[in-house]
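First to last, the protein sequences are chains A, B and C.
Numbered by this note's numbering, the letters in the first sequence go through residues 390 to 518 in order.
Numbered by this note's numbering, the letters in the second sequence go through residues 1086 to 1491 in order.
Numbered by this note's numbering, the letters in the third sequence go through residues 4 to 125 in order.
We put the CB at the ideal spot given by N, CA and C, even for glycine.
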Amino acid sequence: MKEEILRIPINKEIDVLIARREIKGEAERIGFRWIDQTRIATAVSELTRNIIKHAYKGEVIVNKDDGGLEIICQDEGPGIPDVEQALERGYSTTNSLGIGLIGAKHLMDDFKIESNDSGTKITTYKKLK
Amino acid sequence: MAKKNDKKEIERLRRENEEYKKLIEEMSEGFAYLEEDLTFSFTNPACDSLFGVPEGGLMGRKLEDFLSSEAAKDVRKKIRTKKKNKKNVFEMEIKTGDDKRGYLLIRSNSQLDEKGRFAGSFVFFYDITKRVRMEEELIFERGLLDSLLSTIPDHIYYKDKESRFIKVSKSLAEWFGMKSMDELMGKSDFDFFTEEHAKPAYEDEQEIMKTGNPIEGKVEKETHPDGRITWVSTTKVARYDKKGNIIGILGISRDVTEKRFWEIEREEKMEAQKEELIALSTPVIDVWEGVLTVPILGALDSERASRVSEHLLTQIVRKRAGIAIIDISGISAVDSAVADRLIRTAKAVRLVGAEAILTGVGVEIAQTIADLGIDMGGLKTMSTLKDGLRYVISRKKMSVEEEKNG
Amino acid sequence: MARLTCMHLGEILVVPIQEELHDTAAEEAGEKIIREADNSNIKGVAIDISALDIVDSFLGRLLQKIACGLRAMGKEVILVGIQPEVAVALVELGLYLEDITTAFELDSALEKLREMINEDSK
């Protein structure tokens, strides 16, 4: 039974802070360990920053189910030209987009990107342990 | 001339008589004439057999011979009543042998004398033994069912094809807060549970009635409109009519809420124990002031590494430790993944402001690290815990006295 | 504008970061730290982030840049109060901040910083 618990618009820089704070609070309420709360908050920070920097406008949707938390970041930006390449690069790159994506991928349990020139949707999942 | 007519008349009467006699002889119902004192003075063969005697054996015997004394009184009263224009019909139980019993329906037509007193009776006897026996059995079984339904703590319910209640146990009526079992008639699960339980239960029953396959021992969560939640173990089977058609279901649900509660408690306790065990299996030991040691035993998968990190880091901050010695002499295997996790843990230790030292890196492990070309990233490694402690001493510039003791 | 109160303790500049900073505010804060430290009296800077429970890759790399800038100016740098969960997240992001000295509280941080400054003057 999946239910939507948060939907936060990401339009200004400060929304990054708001989103990660709100979602960290939810994670705590649901019962995630502090370490996972931080991972989730950091991942949200990375992904929403990407929205501000590259797509200018988007939103975060948080869904809860019995197994954990699903966090979807989507925007109507120009899309990521080469998703695979962006994910492959290591930390030595100066491309902040790639760093943000890789970082979020490591912090969350599931990670999926759908991107084309009308927008990007990143679906992540953290299991409640 | 009169003689000839008379002869014909007599012949006719004789023939009629013969016919009536035949009729009475051959009919299956018992027919008898009882005298004023209820002695048999005429019986047909059927009557003889009903009373279990050979032909003619009833002659001169009294009806009360075949009745218990109480029944005799009752029957005597009933036969000796002349009801005007009303057929005198009643049932009686007779003893036809030592332990043989039968039931007869009596149709009595009393005869009165010129003074209006009872003089005797024409009686028809019908054997109703079978019917009475069946009725008795039915009442007996009904009694069994009713006592079952009113005393058994399990919830028993008979439902029709639309899953509406037909008959239920008292315990179920009470479970729903109803005063009597009749109040449930025609209602269904939807009247007493929220849809969360009622819907799947209904679907189960419809499936049973479609396929004939029963459900046995299914643990279900009952959701009540007042918010109450209970757990039951349910068995449901299809009900059939005599022709073998499915006409409903019979179900029995046993309350296992307490059991479930304990199960959940136990599961939670086991989780807590598991956590404790994990914490125990990687104990963080105070070696000296400001020095912590964590021996890692067994396998180090990513889940475990994560927990070790958390535990270690929290302890470092809490105890204000400056050095964390991670001993891996008890670790089962070191591959690049494990090495990677160890390095990450060490780096996190450094970020928090302490120094991490890896000990227990024996010859084999050193070889594996070299073979795999793992870059330990500047992490200090020592082959034994002792070496690690010695290093710590020199770092902390401990006094010679303490070194002697250590 | 980021409200940042830097404290001068002799030769050491202590910068406590008390609140969450979004990207632009963080960069401004970084600039302010560099400006304040650009003073011949200051030999070392302690940046205290013990109040932060979330540090992401942007802030992590910004801290690295600030430390780099300060060292380029000849100042010693120490990062104070990285919380355990922040440490784990940073490590998982691959940000090891290896060229920055760390301490988990201000007392030991100041001690370490003084040691480092003394080393320099030798």
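8 Å Cβ cut-off: residues of chain A touching residue i
| i | result |
| --- | --- |
| Glu31/C | Neighbours of Glu31/C on chain A: none; closest Cβ ~12 Å, over 8 Å. |
CB-CB length for residue i against residue j, believed under 8 Å
| i | j | result |
| --- | --- | --- |
| Gly1415/B | Ile1381/B | 6 Å |
| Leu1436/B | Ile20/C | Leu1436/B to Ile20/C, Cβ: 16 Å. No contact. |
| Gly1205/B | Leu1119/B | 6 Å |
| Asp1122/B | Lys1147/B | 7 Å |
| Glu435/A | Gly492/A | 5 Å |
| Ala1409/B | Ala1441/B | 5 Å |
| Lys516/A | Asp498/A | 5 Å |
| Val449/A | Ile397/A | 5 Å |
Cβ-Cβ distance between residue i and residue j below 8 Å
| i | j | result |
| --- | --- | --- |
| Phe1175/B | Glu1114/B | no |
| Val91/C | Ile424/A | yes |
| Val83/C | Ala54/C | no |
| Thr437/A | Cys462/A | yes |
| His1282/B | Thr1319/B | no |
| Ala1384/B | Ser1417/B | yes |
| Ile1251/B | Gly1302/B | no |
| Val58/C | Val89/C | yes |
| Lys1465/B | Tyr99/C | no |
| Thr513/A | Ile460/A | yes |
| Ile1413/B | Leu1443/B | yes |
| Val1376/B | Val1477/B | yes |
| Ser40/C | Met10/C | Per the sequence presented here, residue 40/C reads as Ala, with Ser not at that position. No, the pair does not count as a contact, with Cβ atoms beyond the cut-off. |
| Lys46/C | Lys78/C | yes |
| Ala1131/B | Met1144/B | no |
| Ile429/A | Lys453/A | no |
| Lys1321/B | Glu1290/B | yes |
| Asp464/A | Met390/A | no |
| Val451/A | Ile502/A | no |
Residue i: first and last residue of the uninterrupted beta strand (DSSP E) it sits in
| i | result |
| --- | --- |
| Pro398/A | Glu392 to Ile399 |
| Asn452/A | Gly447 to Asp454 |
| Tyr1242/B | His1240 to Asp1245 |
Contacts that residue i makes with chain B (C-beta to C-beta distance below 8 Å)
| i | result |
| --- | --- |
| Thr105/C | Arg1435, Leu1436, Val1437 and Gly1438 |
| Ile85/C | Leu1436, Val1437 and Gly1438 |
Closer than 8 Å to chain B by CB, residue i
| i | result |
| --- | --- |
| Val80/C | no |
| Pro19/C | no |
| Ile461/A | no |
| Ile424/A | yes |
| Val94/C | yes |
| Tyr480/A | Confidence in Tyr480/A is poor, its pLDDT being 42 and thus under 50, which makes the residue's placement unreliable; the coordinate value appears in the next sentence. No, Tyr480/A lies away from the interface with chain B (no Cβ there is under 8 Å from its Cβ). |
Residue interval of the alpha helix (DSSP H) (run including residue i)
| i | result |
| --- | --- |
| Asn1330/B | Where Asn1330/B is concerned, there is no enclosing alpha helix (DSSP H), given that its DSSP letter is neither H nor E. |
| His1396/B | Ser1387 to Lys1404 |
| Asn439/A | Trp423 to Asn439 |
| Ala1431/B | Ser1421 to Val1437 |
| Cys71/C | Ser60 to Ala75 |
| Gly487/A | Ser485 to Leu496 |
| Thr1236/B | Thr1214 to Thr1236 |
| Gln474/A | Val472 to Glu477 |
| Asn121/C | Leu109 to Ser124 |
| Pro1045/B | Summary: the structure shown does not reach residue 1045/B, with chain B confined to residues 1086 through 1491, and so no result is reported for it. |
C-beta neighbour in chain A for residue i, strict 8 Å
| i | result |
| --- | --- |
| Asp26/C | yes |
| Val89/C | yes |
Beta carbon proximity, residue i to chain C, threshold 8 Å
| i | result |
| --- | --- |
| Glu417/A | no |
| Ser1394/B | yes |
| Thr1236/B | no |
| Val1322/B | no |
| Thr1296/B | no |
| Ala347/A | The requested residue 347/A is not part of the displayed model; chain A covers only 390 to 518. |
| Val1376/B | no |
| Leu496/A | yes |
| Glu411/A | no |
| Gly489/A | yes |
Under 7 Å from the C-beta of residue i: neighbouring residues of chain C
| i | result |
| --- | --- |
| Asp405/A | Reading the sequence as shown, one finds Val at residue 405/A and not Asp. What Val405/A touches in chain C: His25. |
| Lys1432/B | Val94 and Tyr99 |
| Ser434/A | Ile57 and Asp59 |
| Ile511/A | Chain C residues near Ile511/A: none, gap ~15 Å exceeds 7 Å. |
| Arg1426/B | What Arg1426/B touches in chain C: nothing, since even the nearest Cβ is about 10 Å away. |
| Arg1429/B | Val94 |
| Val1379/B | What Val1379/B touches in chain C: nothing, since even the nearest Cβ is about 14 Å away. |
Within chain E, partners of residue i - CB distance below 8 Å
| i | result |
| --- | --- |
| Ser1391/B | You won't find chain E in this structure, because its protein chains are A, B and C. |
Chain-ordered neighbours of residue i on chain C, where CB pairs are closer than 8 Å
| i | result |
| --- | --- |
| Thr1399/B | Pro87 |
| Val1477/B | In chain order: nothing, as chain C lies at least about 17 Å away. |
| Val1402/B | Gln86, Pro87 and Phe107 |
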